[in-house]
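Trainee: In the numbering used here, the protein residues as written are 7 to 261.
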Amino acid sequence: MTQGFLLPVYNHGFTLESVIKNLLPYNLPIIVVDDGNDAKNKTKINEVAEKYSSIILVSLKKNKGKGAAIRAGILQAQKSGLTHILQVDSDGQHDTGQVEHFLQKSMQNPDAVICGYPEYDESAPSHRIKARKFANGWVHIVTLSKEIKDCMVGFRVYPIASYIQLIKKHAIIDSRMGADIDLLVRLSWAGVRIISEPVKITYPVDGISNFRVVRDNLRISGTYARLCIGMIVRLPYLIIRNIKKTKLSKLENKE
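(1) Quick one: is Asp117 buried, meaning 16 or more other Cβ sit within 10 Å of its Cβ, or exposed?
(2) Unbroken beta strand (DSSP E) runs of length 3 or more, entirely within the stretch 65-128: which are they?
(3) Starting from Gly10, trace the beta strand (DSSP E) both ways and give me its first and last residue.
(4) In chain order, what residues of the same chain have a beta carbon less than 8 Å from the beta carbon of Ile76, not counting five sequence neighbours either side?
(5) Among the residues of its own chain, which have a CB less than 7 Å from the CB of Val145, if the five just before and after it don't count?
(6) On a Cα-Cα basis, can you pick out the residue from Ile51, Ser129, Lys68 that is closest to Lys206?
(7) On the DSSP bridge assignment, give the partners of Ile200 in chain order.
(8) Assess, as a yes-or-no matter, whether the stretch 110-126 is touched by the stretch 28-44 under the definition of 3 or more beta carbon pairs within less than 8 Å.
(9) Could you pull out every residue in the same chain whose Cβ sits closer than 8 Å to the Cβ of Ala141, ignoring the five residues on either side in sequence?
(10) Which of helix, strand or coil does DSSP assign to Lys4?
(11) Whose CA, out of Ala167, Thr49, Lys50, Val54, lies closest to the CA of Ile26?
(12) Where His100 and Leu193 are concerned, what is the direct C-alpha to C-alpha distance, given to the nearest angstrom?
(13) At what residues does the beta strand (DSSP E) containing Tyr58 begin and finish?
(14) Quick check on Ile235: buried or exposed, where buried means 16 or more other Cβ atoms within 10 Å of its Cβ?
(15) Could you tell me which residues DSSP puts in a beta bridge with Asp40?
Quick look at the structure:
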């Protein structure tokens, strides 16, 4: 197993270095994807990339969205010989003190996605928490499972082989804010295990959010609509799989 980090960056060029510094002690490759940033952010990203030898910089000419940035980063990770990548958002909201635990969990479960679910502090806006519960409820519906505790936290380890297999099979995966949801649900449908682990989330007072309420809610709604159709098509398979999982769980509990 060869691990590394992936940081998609858009409008967070000035928080990038603080996140990078927290990842350097692990002595792993750090793939940074410049997702078509403006000149000011691009300059800062380039400065950070030149400063640290462990960074592999991927630059997109135009802003294509988080999903496209993740895709570009994972394809680069594959070229670089990595087998697993820990995606970390570049805005500094995630507690990087939990990186080692996620990497170890992945080493113990190389076939699984190790997916963060949020432990909020008092800085978390109440509307974000409510919206997240709503989003997760829909994910539980389309997967017929509560295996995925959270579908939107950008702190997760992907097995690269599973991701590559997924994008080869599915031409339409959301390239923007719906990507985290789309990828996780489709990986779950494909039989990839999702192991949920807590990660502390802090919302800085002066933090920059890339979420655009109307545009991104419409895109996410479209993602859920496609996933609902996909769930209906897979319904017999999902029901049978869940019955098997329930029986297996009961047998393990008896033992």
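Think of the CB as a built atom: it goes at the ideal place given N, C-alpha and C, for glycine as much as any other residue. Because the structure is a prediction, the values reported are computed rather than measured.
Mentor: This is what the structure gives:
(1) Exposed, since its Cβ has fewer than 16 Cβ neighbours within 10 Å.
(2) Fully enclosed beta strand (DSSP E) runs of 3 or longer: 90-94, 119-126.
(3) For Gly10, the enclosing beta strand (DSSP E) covers residues 9-15.
(4) Closer than 8 Å at the Cβ level, and outside the excluded window around Ile76, lie Leu12, Pro14, Val39, Gln93, Ala185, Leu189.
(5) Result list for Val145: Ile154, Cys157, Ile187, Val191, in chain order.
(6) Among Ile51, Ser129, Lys68, the Cα nearest to that of Lys206 belongs to Ser129.
(7) Partner(s): Val119.
(8) With the rule of 3 Cβ pairs closer than 8 Å, the stretch 28-44 does not count as touching the stretch 110-126.
(9) Excluding residues within five positions, the ones whose Cβ falls inside 8 Å are Cys157, Met158, Ile187, Ile226.
(10) As displayed, the chain neither begins before 7 nor continues past 261, which places residue 4 out of reach and without an answer.
(11) Among Ala167, Thr49, Lys50, Val54, the Cα nearest to that of Ile26 is on Val54.
(12) Rounded to whole angstroms, the gap between the alpha carbons of His100 and Leu193 is 23 Å.
(13) Premise fails: Tyr58 is in no beta strand (DSSP E) and is neither H nor E.
(14) Exposed is the call here.
(15) Asp40 is bridged by DSSP to Val15, Ser65.
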